[in-house]
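Residue numbers (my numbering), protein chains in the order written: chain A, 1 to 395; chain B, 396 to 609.
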C-alpha cells in the first residue's frame with residue numbers, strides 16, 4: 001500500500017498543469033481517488049457527516065452485486081449444459097458462465113468509463129464515479145445471448161444521452177443502466193426478448209457442450225411463458241418449477257436477476273451499510289404484493305392468475321427493487337416521498353405485467369416511469385412541509 | 396433595385412442555418428418526427444413545404460396592403476389551403492407511392508407553424524421578392540433538418556438510403572453476419588434525439604444562440 005502511495009506521489013507532477021501527461025490528468029485523478037481517500041476537504045459549508053465519499057459508496061454497491069454476478073455466471077453455465085443434456089461439474093459450469101459474462105462486463109466498463117474519461121477531460125472536471133455501479137449493473141440485466149457490439153452501442157447511448165447531457169453523475173434523471181436496457185429492448189427487440197436469447201447455446205473458446213440441443217426445449221423465461229398462456233411454469237427443459245426453485249433461481253432469465261437468494265445477500269449488504277433506503281425497498285415489495293393480490297382476486301387472464309408470491313419471485317422484480325429503485329440519484333430525497341415512489345414502482349410493474357401482453361416484464365418500464373416522477377414527488381412533499389411549518393410558525 | 400443585395404442574401408441565408416425554423420425557432424417539429432423514418436418522404440416533404448411557403452409568401456405579400464387586418468388570418472389560411480391542395484394533388488398524380496407514405500402529413504402542412512409564422516412575421520410587411528427569398532430560405536432550412544434526420548434514421552434503422560441498400564446484406568444476422576438494424580431509429584423518439592443532436596451541434600458552432608442562464 002505504502003509503495004503504491006509513493007509511486008503515485010512520484011508520478012503525480014507529470015499529470016499536473018504543464019506536465020507531459022496533462023492530457024491524462026482526469027484518468028490519473030480517477031485512479032488515485034479510486035485507490036485512496038482524497039486528502040482534500042470541502043471548502044464551504046459543513047455537509048459532511050460521514051467519511052464515506054461517493055466512490056466508497058459505489059464500491060459497496062458493486063460488492064453487493066457480486067453474489068448476483070457469481071450466481072448469474074453459474075446459472076449461465078448450468079442452463080447451457082442443461083439444454084444440451086450433458087452432465088458437468090460445478091466448476092465447468094462456472095467456467096462457461098465466466099467466459100460468457102466476463103466480456104460483457106469488460107465491454108460495459110470500457111465503453112462507459114471511456115466516455116466518462118473523455119468527457120471529464122474535455123470539461124476539465126474530475127472523473128465521476130457513477131459508472132462503477134452502472135457498468136456492473138448493465139451486464140446483469142441483459143440476456144446472455146446479447147451481442148457485445150449491441151451492448152457497446154447501448155451503453156454509449158445511455159451514458160451520453162441519459163447522463164452526460166444532463167451534467168454527469170448525480171444529475172441524471174433516469175437510471176443509466178435501465179436506459180441501456182430500454183435502448184436494447186426497443187432498438188434490438190430480437191436480441192432482448194422472446195425465447196431464444198436467454199440460454200447460451202454455442203460453446204465458447206472450446207468450453208461448453210458439443211451435444212445437440214435437447215428436444216422439447218423452450219428456453220423462455222417464466223414470465224414469458226405465463227404471458228403466452230402457459231399456466232404451468234417450467235424451466236428450460238420442460239420440468240415444472242416449484243416456488244423454491246424460483247427462490248434458488250436456476251431458470252432462464254437476465255444474467256443477474258434470477259436468484260432471489262443472491263439478491264437478498266446484496267440487499268442485506270446495502271441495508272447494513274445504509275447505502276440503500278429500506279423505505280424504498282420495502283414499499284416496492286408492498287406495492288407489488290398488494291397489486292398482485294388485487295389482480296389475483298380479479299383473475300381475468302393468465303398473468304393475473306399468477307400467485308402474488310410468484311410475481312415477486314420471478315423476473316426482475318427483486319433485482320429492480322433492491323438495486324435499481326434504491327438508486328440515490330434517481331429516487332426521491334424526501335423520506336415520505338420514498339414510500340410513495342417505491343409503492344408506485346411495485347404497482348406499475350405488476351400493472352404492466354398483467355395488462356400489457358406485449359411486455360411480459362414491467363419492472364424496467366415501471367422504474368423508468370417513476371424516475372421521471374421522483375422530482376415531482378419531492379416537490380410536493382417539500383412544499384407541504386414548508387406550508388405546515390409556516391402555519392405552525394404563524395400561530 | 397438590386398435583386399441580390401446584401402440584405403436579400405441575408406434574408407435567404409439566415410433561415411438556412413443560424414435562424415433555422417426547426418433548430419432555432421423550434422417550429423414544425425411534429426412533421427419532422429412523422430415523415431423522417433425514410434429519406435425519400437423527408438425530401439419530398441421538405442420540397443413541398445419549401446414550394447408552399449415560398450408561393451404563399453409571395454401571394455400574401457402582393458395582397459398585404461389590401462387585406463383587412465381583422466380577417467388576415469382567414470385570408471392567409473385560404474391561400475395556404477389552396478397551395479397545399481395543389482401540391483397534394485400533384486404528389487398524388489406524379490409520385491403516388493410517396494404521397495401514400497406521407498399520408499395525412501401533406502394535408503397537415505396547412506397547420507405547419509412555419510407557414511403562418513413566415514406569413515405573419517415577414518410577408519405582411521415586405522415586398523414580394525424579399526418574401527419569396529424568405530420563404531425559400533425557411534423552407535430549405537426546414538428541409539435541411541428533415542433530410543439530416545431522415546438520413547440517419549433510414550441509414551441506421553433500415554440500412555438503406557433512398558431505398559438503395561448501403562449496409563451490405565452479407566453483414567446481417569440472417570445472412571450469417573453480425574449486424575442488426577436499430578429498431579429504435581424507426582420509432583419517433585429517435586427523431587427527437589437526432590433533432591436534439593443537430594441543435595446541440597448548431598448551438599456549439601454559434602455560441603450567440605445559446606440561451607443565457609439567468
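A virtual CB, placed ideally from N, CA and C, is assigned to each residue, including glycine.
Look at the Cβ atom of residue i, then the Cβ atom of residue j, and state whether they are nearer than 8 Å.
| i | j | result |
| --- | --- | --- |
| residue 270/A | residue 276/A | yes |
| residue 345/A | residue 303/A | no |
| residue 474/B | residue 455/B | yes |
| residue 435/B | residue 493/B | yes |
| residue 136/A | residue 101/A | no |
| residue 240/A | residue 231/A | no |
| residue 444/B | residue 509/B | yes |
| residue 554/B | residue 581/B | no |
| residue 415/B | residue 597/B | yes |
| residue 146/A | residue 178/A | no |
| residue 176/A | residue 162/A | yes |
| residue 143/A | residue 262/A | no |
| residue 111/A | residue 61/A | no |
| residue 167/A | residue 199/A | no |
| residue 208/A | residue 71/A | no |
Using 10 angstroms around the beta-carbon of residue i, count the other beta-carbons present and answer buried if the total reaches 16, otherwise exposed.
| i | result |
| --- | --- |
| residue 513/B | buried |
| residue 573/B | exposed |
| residue 128/A | buried |
| residue 298/A | exposed |
| residue 353/A | buried |
| residue 498/B | exposed |
| residue 399/A | No statement about residue 399/A is possible, as the shown extent of chain A runs from 1 to 395 and does not include it. |
| residue 318/A | buried |
| residue 356/A | exposed |
| residue 106/A | exposed |
| residue 169/A | buried |
| residue 251/A | buried |
In three-state terms, what does DSSP make of residue i?
| i | result |
| --- | --- |
| residue 413/B | coil |
| residue 398/B | coil |
| residue 559/B | strand |
| residue 359/A | coil |
| residue 207/A | strand |
| residue 234/A | strand |
| residue 240/A | strand |
| residue 574/B | strand |
| residue 109/A | helix |
| residue 251/A | coil |
| residue 309/A | helix |
| residue 567/B | strand |
| residue 89/A | coil |
| residue 170/A | coil |
| residue 274/A | coil |
| residue 336/A | helix |
| residue 383/A | helix |
| residue 514/B | helix |
| residue 375/A | helix |
| residue 191/A | helix |
Nearest to residue i by alpha carbon, out of the options?
| i | options | result |
| --- | --- | --- |
| residue 577/B | 191/A, 178/A, 177/A and 179/A | 191/A |
| residue 109/A | 94/A, 126/A and 130/A | 130/A |
| residue 195/A | 184/A, 205/A, 225/A and 361/A | 225/A |
| residue 141/A | 311/A, 87/A, 312/A and 320/A | 320/A |
| residue 485/B | 585/B, 439/B, 590/B and 597/B | 439/B |
| residue 495/B | 441/B, 483/B and 505/B | 483/B |
| residue 243/A | 366/A, 263/A and 222/A | 222/A |
| residue 521/B | 592/B, 501/B, 453/B and 469/B | 453/B |
| residue 381/A | 359/A, 347/A and 338/A | 338/A |
| residue 479/B | 449/B, 459/B and 432/B | 449/B |
| residue 325/A | 245/A, 174/A, 294/A and 89/A | 174/A |
| residue 77/A | 29/A, 91/A and 68/A | 91/A |
| residue 585/B | 544/B, 561/B and 405/B | 544/B |
| residue 204/A | 351/A, 81/A, 134/A and 139/A | 81/A |
| residue 236/A | 228/A, 247/A, 253/A and 227/A | 253/A |
| residue 126/A | 111/A, 31/A, 307/A and 181/A | 31/A |
| residue 599/B | 401/B, 407/B, 412/B and 566/B | 412/B |
| residue 359/A | 186/A, 340/A, 198/A and 287/A | 186/A |
| residue 265/A | 166/A, 323/A and 119/A | 323/A |
| residue 116/A | 97/A, 149/A and 160/A | 160/A |
Cβ of residue i within 7 Å of any heavy atom in the ligand MG?
| i | result |
| --- | --- |
| residue 296/A | Here there are no bound small molecules, and the ligand MG is not part of this structure. |
Just the chain D side, please: which residues come within less than 8 Å of residue i by C-beta, in chain order?
| i | result |
| --- | --- |
| residue 573/B | Among the protein chains in the structure shown, which are A and B, there is no chain D. |
- Message: Would the segment 530-540 of chain B count as touching the segment 465-479 of chain B if we require 3 or more Cβ pairs under 8 Å?
- Response: Fewer than three beta-carbon pairs drawn from the segment 530-540 of chain B and the segment 465-479 of chain B are found closer than 8 Å, and the two stretches are therefore not classed as touching.
- Examine the Cβ distances between the segment 369-376 of chain A and the segment 326-341 of chain A and report whether three or more of them are shorter than 8 Å. Yes, they touch.
- Task: Answer yes if the segment 417-424 of chain B comes into contact with the segment 534-546 of chain B, meaning at least three C-beta pairs across the two stretches below 8 Å, and no otherwise.
- Result: A contact between stretches requires three or more CB pairs, one per stretch, nearer than 8 Å, and the segment 534-546 of chain B meets this requirement with the segment 417-424 of chain B.
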